[in-house]
Amino acid sequence: MASAFKILMYAIPIIAILAWYLKRHSRAEKTGLGSLRKATEEGLIEPPTLHPEIDHTLCIGCTNCVQACPEQDAHQVLGMIRKKAHLVGPTDCIGHGACKNVCPVNAITLVFGTARRGVDIPVVNPDFQTNVPGIFIAGELGGMGLIRNAIEQGRQAMVSIGGLVKKGHQNPLDVVIIGAGPAGFAATLGATEAKIRHVTVEQDELGGTVAHFPRRKLVMTQPANLPIFGAMKFKEVQKETLIDFWREVEQKTGIKISYSERVESIVPSPKGGFTVTTNKGVYDTRTVLLCIGRRGTPRKLGVPGEEMAKVVYRVIDPAQYLNQHVLVVGGGDSALEAATTIAAEAGTTVTISYRSDAFSRAKPKNRQLVETMASSGDLRVLLGSNVKSISEGLVEIAIGDKIESIRNDAVVVSAGGILPSAFLKTFGIHIETKWGTE
Ligand SMILES: Cc1cc2nc3c(=O)[nH]c(=O)nc-3n(C[C@H](O)[C@H](O)[C@H](O)COP(=O)(O)OP(=O)(O)OC[C@H]3O[C@@H](n4cnc5c(N)ncnc54)[C@H](O)[C@@H]3O)c2cc1C
Ligand code: SF4
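Here the sequence shown stands for residues 237 to 674, where the numbers follow the working numbering.
Written as structure tokens, this is what we have:
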């Protein structure tokens, strides 16, 4: 009797632990499969940047990688399917690489692109110089994503440029820094500290891709060293706090960044170095540091009035359009999402204009929502239409052979972007296309 009691004493906790373990695994399997199925249905299967490739002959199903992924709370990026780790949310992977570090059997390799879709990466030397002498690349454009890496590369690239420009040259500037995301911001601090004659131009605003993160996104990063200022200590921080911190650093250090200035061309200068032309001016410089990331430049409509302040290329906060007449231009997911979220705000009158006859590029979920809102009168859809001009209080839209004037307070253009690789090729940078390789 006593020995049966002893056996039960040991067996009950073991059975309980086993049951808990099996339940947890079966729940993880279900969510992993569900996420993968949803991503596949929505066509969200190509990771945009560096991502894990998992060797299932080595994976022992320990789930370490799933737990280590910093994005996991916001989106399921990695999941377990048949006791093996899988990338179940490919488009949500931003290349933290934390999964690789915790894998006990080295089953994870970090790669760019897939067998179906190549990713263009410019060829960059260890000193950040490209095949075109005098043109340097730092940050995510060179393939190394994440905020801390971009800061570190921006800082180091400026050390390399400092060494080169000491040798003397005729150009009025040592370097033009393009972009004020984390890489360009750190490079500008480095150039100011080392008294390198520079100009920094940014087509948008401080923070680069970080400024485009969804509202209140929790940013996972690592401490980094900012020239002049010193340590940036954050590990987990809300996007808005991080941007405010960078603004404070910008103010305290007195660095100069020219915002709303977009580089349009880079050509060799007769004095040696380069002539950089922007929408605001022309610069003659010994070197160029490209910190332009991988998001590209939003495509413009090229219509009169587009330069007005009411025209934007992304929506940060739909609530800012309360009680306004808004035109959204485009037919992809971002246009449809912008239109439906703004139309959900009180008192808005939203029109969506798209040049094709159907929203065939958008996800079914977004198309359906637009249809529902259009049939209930919450949204007006103008297919087969083209914006002709934008003016104070109005926009003119061509629909077939008719021109319609509609009331307007704001225009959101979501017409895609010009990818950085096309821009780089215009001045001879070598690009390598990676098809699922390191
Ligand atoms: C959804 C999402 C979530 C992420 N979360 C994290 C996270 O939690 N932690 C983390 O470490 N990383 C995260 N990342 C990655 C991180 O944002 C990027 O790796 C980092 O911002 C790269 O910095 P960068 O300076 O190289 O480029 P970017 O930040 O992309 O900045 C490039 C800048 O160049 C400007 N530019 C481009 N072309 C021109 C031109 N022709 N003329 C003038 N200016 C130009 C752009 O406007 C932009 O401001 C995330 C990325 C995404 C998409
Ligand atoms: S950490 Fe490695 S072994 Fe563990 S589940 Fe992930 S890939 Fe498999």
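All C-beta atoms, glycine included, are put in the ideal place defined by N, C-alpha and C.
Review point. Going by Cα to Cα distance, which pick from Q474, T457, K488 and N622 is closest to I464?
Key: K488
Review point. Could you give the distance in angstroms between the alpha-carbon of L382 and the alpha-carbon of S496?
Key: 24 Å
Practice item. Use the C-beta contact count for H332: other C-beta atoms within 10 angstroms, 16 or more gives buried, fewer gives exposed. Key: buried
Review point. Over what stretch of residues does the beta strand (DSSP E) that includes L526 continue unbroken?
Key: V518 to L526
Check your understanding: What does a CB cutoff of less than 8 Å around V518 pick up in its chain, not counting 5 residues either side in sequence?
Key -> T511 and V512
Exercise for review: Could you tell me the distance, in whole angstroms, from the CA atom of V401 to the CA atom of F372?
Suggested key: 13 Å
Check your understanding: Does the beta-carbon distance from V623 to I588 come in below 8 Å?
Key -> no
Exercise for review: Pick helix, strand or coil for N602, following the three-state DSSP scheme.
Suggested key: helix
Point to revise | Straight-line Cα distance separating I528 from I387 | key: 13 Å
**Study point:** Contacts around L572, its chain only, beta-carbon distance under 6 Å, and the 5 residues preceding and following it disregarded
**Key:** A598, N602 and V606
Check your understanding: Which whole-angstrom value is the C-beta distance of V647 and V631, which I expect to be below 8 Å?
Key -> 6 Å
Review point. According to DSSP, is G315 helix, strand or coil?
Key: strand
Check your understanding: For the alpha helix (DSSP H) that Q474 lies in, which residues bound it at each end?
Key -> Run containing Q474: none in the alpha helix (DSSP H); it sits in the beta strand (DSSP E), E472 to Q474.
Review point. Taking just the CA atoms, how far does L269 sit from I317?
Key: 6 Å
Check your understanding: Per DSSP, what kind of secondary structure is I491 in: helix, strand or coil?
Key -> coil
Practice item. Reducing DSSP to helix, strand and coil, say where N337 ends up. Key: helix
Exercise for review: Name the two residues that bound the continuous beta strand (DSSP E) containing P656.
Suggested key: First-last for P656: P656 to K661, but that is the alpha helix (DSSP H), not the beta strand (DSSP E).
Practice item. Can you tell me which of R353, A247 and T285 puts its alpha carbon nearest to the alpha carbon of W194? Key: Past the edges of the chain, shown from 237 to 674, lies residue 194, and the structure says nothing about it.
Practice item. Would you mind listing the beta strand (DSSP E) stretches within the segment 605-657 that are 3+ residues and don't spill past its ends, in chain order? Key: 616-619, 621-627, 630-635, 638-643 and 646-649
Practice item. Please look up how many angstroms separate the CB atoms of P540 and S621, rounded, as I've assumed it's under 8 Å. Key: Not quite, the Cβ-Cβ distance comes to about 17 Å (not below 8 Å), so this is no contact.
Check your understanding: Say the cut is 7 Å; is the CB of I414 nearer than that to a heavy atom of ligand 1?
Key -> yes
**Study point:** With 16 other Cβ atoms within 10 Å as the buried cut-off, status of E484
**Key:** exposed
Point to revise | Element boundaries [alpha helix (DSSP H), containing L400] | key: I383 to V401
Check your understanding: Could you give the distance in angstroms between the alpha-carbon of T584 and the alpha-carbon of V548?
Key -> 17 Å
Review point. Of the choices T477, I344 and I357, whose alpha-carbon is the least far from that of A447?
Key: T477
Practice item. Check whether the segment 337-351 touches the segment 280-294, counting contact only when three or more Cβ pairs, one atom from each stretch, lie closer than 8 Å. Key: yes
Review point. When DSSP builds the beta bridges, which residues end up paired with D356?
Key: T669
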